[in-house]
Amino acid sequence: MARVCVDVPLPHLDRPFDYLVPAELGEDARPGTRVRVRFAGQLVDGWVLDRVAASEHSGPLSFLERLVSPEPVLSPEVAALARAVAERYAGSLADVLRLAVPPRHAGAESAPPPPTSTLRASGGETAAISRTSPDEAVRVGDGSGWQAYPAGPAFLRALADGRAPRAVWSALPGEDWPARFAEAAAATVRSGRGVVAVVADARDLDRLDAALAAIPHVALSAAVGPAERYRRFLAASRGQVPVVVGTRAAMFAPVPSIGLVAIWDDGDDLHAEPRAPYPHAREVLLTRAQLAGAAALVGGYARTAEAQQLVETGWAKQIVAARDTVRRRAPAVSPTGDDPQLARDPAAASARLPSLAWRVARDALQSGAPVLVQVPRRGYLPAVSCADCRAPARCRHCSGPLQLPSAHAVAACRWCGRPAAAYACPHCGGRRLRAAVTGARRTAEELGRAFAGVPVRTSGRDEVLATVPAGPSVVVATPGAEPLAAGGYGAVLLLDAWALLTRADLRATEETVRRWLAAAALARPAAEGGRVVVVADGGLAAVQAVLRWDPAWLAARELAERRSLGFPPAVRVATVTGPPDAVADLLAAARLPEEADLLGPVPVPGESTEDRRERMIIRVPRGAGRALAGALHAAAAVRSARKAVDPVRIQLDPLDLL
DNA sequence: TCAATCCGTATC
DNA sequence: ATACGGATTGAC
8 MARVCVDVPL PHLDRPFDYL VPAELGEDAR PGTRVRVRFA GQLVDGWVLD RVAASEHSGP
68 LSFLERLVSP EPVLSPEVAA LARAVAERYA GSLADVLRLA VPPRHAGAES APPPPTSTLR
128 ASGGETAAIS RTSPDEAVRV GDGSGWQAYP AGPAFLRALA DGRAPRAVWS ALPGEDWPAR
188 FAEAAAATVR SGRGVVAVVA DARDLDRLDA ALAAIPHVAL SAAVGPAERY RRFLAASRGQ
248 VPVVVGTRAA MFAPVPSIGL VAIWDDGDDL HAEPRAPYPH AREVLLTRAQ LAGAAALVGG
308 YARTAEAQQL VETGWAKQIV AARDTVRRRA PAVSPTGDDP QLARDPAAAS ARLPSLAWRV
368 ARDALQSGAP VLVQVPRRGY LPAVSCADCR APARCRHCSG PLQLPSAHAV AACRWCGRPA
428 AAYACPHCGG RRLRAAVTGA RRTAEELGRA FAGVPVRTSG RDEVLATVPA GPSVVVATPG
488 AEPLAAGGYG AVLLLDAWAL LTRADLRATE ETVRRWLAAA ALARPAAEGG RVVVVADGGL
548 AAVQAVLRWD PAWLAARELA ERRSLGFPPA VRVATVTGPP DAVADLLAAA RLPEEADLLG
608 PVPVPGESTE DRRERMIIRV PRGAGRALAG ALHAAAAVRS ARKAVDPVRI QLDPLDLL
């Protein structure tokens, strides 16, 4: 008999069903294979989860209709991970499996292994993983770039020795992180184990792919076509390559006996899967490390509150450089002050460049170095802050962010919906509120006028530059699209701080620092003339974090604040979104944990009055997270069994918790 | 009393 | 979705 997960989206059918195996399929219908089965009269896709001798089911059993392919594409390790992810995120196993295994492409199964150079380097079918002698492994870490970090060589040695160290890594400014990831991967492969590494976007993937040239690996991303993607997936699944790198879908990639999971820049919101059940790559990878006994590496220039929590709970150790190493590598960072004086030069003034930024950029250009100007994308939600001290305004009852629905309306909480009557700022006592200004446009043309005679390049959404040559030029880039400069930038200007910091988002400070550090990391060290100008008040925590290059300090501060306000990751949160009746219906059916704290409902902004949806927020202590997800999934099952049609979206720890 | 129909529930 | 069983209803 075969225990099958049927590919239907209904939560109340989220359990295995038993089928008889026709004699001719015999042992081919192995666990992990795709099958077609008759289910409630229909032919549906399914996964063989297990072969069993007897069924618990008392009624008659059907036969498997067809074996789609004898290829076991769902490994036991990934199946267990998918189950855990489904439970963590109140979703169905079938939903997670759809994310975990790419669509089949029959041609790729019969074709020979992909003809990539990295594969040929592996030297054949199963020779990809071979253990080196302990004597060799002992020296792993010496001579690598990890030596700049006191705990670095020990981390590499532990990987090479087959152990499972867990690390939160704060990369030094200018760090060649793909090279460090490649060293960690090589050490793990040397121990006879596999590696899965996830990055946020295609640009980071290209860099990592290149850094891994000497190690047999495949790169998975949506950018390659479905056939090639499946081919590469199969190469990993068949144990032909020990290392898989990719964007978030690669978090489920099968590798033989996984020894290390790694994620770069876990604060990037591209790591959050937009399809149900909305798992986050960091959480999936850490779950995977936990379940499989693998090592974990969470790296970035910045540090998220979630990563900080791993350090503070002792789940992971931090890998950070000594302060004097940081000082030696970091550029000189200066804030312009709260009310920056505009440059006297009329061209610079028209570009609204503060005089300090203008001078620093001009000096860098004169010394023959490129200048990076980071310009945030526009279109942030209108948040509300104190008119006097500009601190973001928060709800008195639940600490949610206040929002101004329209120009002259009363501000209200985006979480619990209570109006913010008689507001008093907890920081300065101010009683007036103001809508935060959205980012001012600073175009490349304006900067071109300010620095006449210097080439101006732009890198952004439409066209992302990977690199720019050495030599004087102005590079205008949106966050995440900053090109690498040969030899590093002479100056980096970080503009429009207020547009970032006043976002109606609890992660605004963290996100701002993440973007600033990513840009500032591309500057030369101070000793080589590298300078960074932040157009903001030096007293702000975000500015301090960049000025001191101390992401750990900021993360600790952020986490402490979230703890005192009752925000994730200090607590576990779920949102339930849908038509008002459906949301109420689901919550009525849910047996929530006793500690559950319900906030809302609040209307979901930007929807027409006909099909208006609203959102409830439920928060529980971290320990009750599993119970919360279980209760919500069960309630969704009750609703779907009753054929309730109104869709309700359940999200755990959503990034946009507003 | 029987068949056509409706409703709810399970789906192996 | 579709299939089935039990309840319900309507005509003889």
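According to my numbering, the first sequence is numbered sequentially starting from 8. Yeah, the Cβ is synthetic: ideal placement off N, Cα and C, and Gly gets one too. Here the structure is a predicted model, which is why all the values come from computation and not from measurement.
What is the rounded straight-line gap between the Cα of Arg401 and the Cα of Val578? Cα to Cα, Arg401 sits roughly 18 Å from Val578.
Quick one: what does DSSP say Glu116 is sitting in, helix, strand or coil? For Glu116, the secondary structure class from DSSP, reduced to helix, strand or coil, is helix.
Taking the alpha-carbon positions, what's the Thr343 to Thr195 distance? In a straight line, the C-alpha of Thr343 is about 45 Å away from that of Thr195.
Once you ignore the five residues that flank Glu235 on each side, which residues in its own chain have a CB closer than 6 Å to its CB? Short of 6 Å from the beta carbon of Glu235, and not among the five residues preceding or following it, lies no beta carbon of its own chain.
Going by DSSP, what residue range makes up the beta strand (DSSP E) through Gln658? First-last of the beta strand (DSSP E) with Gln658: Arg656 to Leu659.
Limits of the alpha helix (DSSP H) - the one that Phe70 falls within: Looking at the DSSP string, Phe70 is not in any alpha helix (DSSP H), and its letter there is neither H nor E.
Residue environment, Arg330, which counts as buried when at least 16 other CB atoms sit within 10 Å: Exposed, since its Cβ has fewer than 16 Cβ neighbours within 10 Å.
At what residues does the beta strand (DSSP E) containing Tyr26 begin and finish? Residue range Phe24 to Tyr26 is occupied by the beta strand (DSSP E) that includes Tyr26.
If you draw a straight line from the alpha carbon of Asp25 to that of Pro16, how long is it in whole angstroms? Pairing Asp25 with Pro16, the inter-Cα distance amounts to about 18 Å.
Looking at the unbroken beta strand (DSSP E) that takes in Trp176, where does it start and where does it end? Run containing Trp176: Arg173 to Ser177, per the beta strand (DSSP E) assignment.
Boundaries of the beta strand (DSSP E) in which Thr584 is found, first to last residue: Run containing Thr584: Val578 to Gly585, per the beta strand (DSSP E) assignment.
Short Cβ contact (8 Å threshold) for Ala634 with Pro600: Yes; because the gap between Cβ atoms is below 8 Å, this pair is in contact.
Option in Gly274, Val206, Val539 and Thr519 with minimal Cα separation from Leu547: Looking from the CA of Leu547, the closest CA among Gly274, Val206, Val539 and Thr519 belongs to Thr519.
Taking Arg310 and Pro558 to be in contact with their CB atoms under 8 Å, please state how far apart those CB atoms are, rounded to whole angstroms. About 4 Å separates the beta carbon of Arg310 from that of Pro558, a gap short enough to meet the 8 Å contact definition.
Along the beta strand (DSSP E) that carries Gln381, what are the first and last residues, could you check? It spans Val378 to Gln381 - the beta strand (DSSP E) in which Gln381 sits, taken as one unbroken run.
Based on the DSSP output, what are the partners of Asp604 in its beta bridges? Per DSSP, Arg626.
In three-state terms, what does DSSP make of Val611? For Val611, the secondary structure class from DSSP, reduced to helix, strand or coil, is coil.
So Gly39 and Val80 are in contact, right, with Cβ under 8 Å, and what is the actual spacing, rounded? Contact flag correct, Cβ pair sits at about 6 Å.
With distances taken between CB atoms, is the gap from Gly266 to Ser198 smaller than 8 Å? In contact: Gly266 and Ser198 (Cβ atoms closer than 8 Å).
Exposure label - Ala68; buried when at least 16 CB within 10 Å: With the sequence shown as reference, residue 68 is identified as Leu, and Ala is not the correct amino acid for it. Its Cβ having fewer than 16 others within 10 Å, Leu68 is exposed.
I'd like to know whether the C-beta atoms of Val250 and Leu215 end up nearer to each other than 8 Å. Val250 is not a Cβ neighbour of Leu215, given a cutoff of 8 Å.
If you measure between the beta carbons of Arg43 and Leu50, is that distance less than 8 Å? Cβ distance < 8 Å, so Arg43 and Leu50 count as in contact.
Three-state secondary structure (DSSP) of Arg336: Annotated three-state conformation of Arg336 is helix, per DSSP.
Closest to His434 by CA distance: which of Ser392, Gly536 and Ala189 is it? Closest by alpha carbon: Ser392.
For Thr519, verify whether its CB is less than 7 Å away from any heavy atom of the ligand MN. This structure lacks the ligand MN, and indeed carries no ligand of any kind.
In terms of residues, what are the limits of the beta strand (DSSP E) holding Arg45? Membership of Arg45 in the beta strand (DSSP E) is indicated by the continuous run Arg41 to Phe46.
Measure the CB-CB distance between Ser151 and Leu163 and report whether it falls below 8 Å. Against a cut-off of 8 Å, the Cβ pair of Leu163 and Ser151 comes out as a contact.
Given that a residue counts as buried once 16 or more other Cβ atoms are within 10 Å of its Cβ, and exposed if not, what is Ala229? It counts as exposed.
How many Å lie between Ala323 and Ala530 at the Cα? The alpha-carbon of Ala323 is positioned some 29 Å away from that of Ala530.
Glu565 and Glu602: beta carbons closer than 8 Å? At a Cβ-Cβ threshold of 8 Å, Glu565 and Glu602 do not count as neighbours.
Please go through the same chain and pick out, in chain order, the residues whose beta-carbon is closer than 7 Å to the beta-carbon of Ala431, but skip the five residues on each side of it. For Ala431, the CB contacts under 7 Å within the same chain, skipping 5 residues up- and downstream, are Arg438 in chain order.
Give the DSSP-derived three-state secondary structure of Pro532 in the structure shown. Reduced to three states, the DSSP call for Pro532 is coil.
Got a sec? Which residues, its chain only, sit under 6 Å from Glu84 by beta carbon, not counting five neighbours each side? Listed in chain order, the non-local C-beta contacts of Glu84 below 6 Å within the same chain comprise Ala299, local neighbours out to five positions each way being set aside.
Sort Pro77, Glu63, Leu88 and Pro110 by Cα distance to Asp14 and report the nearest one. Out of Pro77, Glu63, Leu88 and Pro110, Pro110 has the C-alpha closest to the C-alpha of Asp14.
For the alpha helix (DSSP H) that Thr294 lies in, which residues bound it at each end? That run of the alpha helix (DSSP H) goes Ala288 to Ala299.
Mind the definition here: the segment 284-296 touches the segment 250-259 only if three or more C-beta pairs lie below 8 Å; say whether that holds. Contact holds: three or more Cβ-Cβ distances are below 8 Å.
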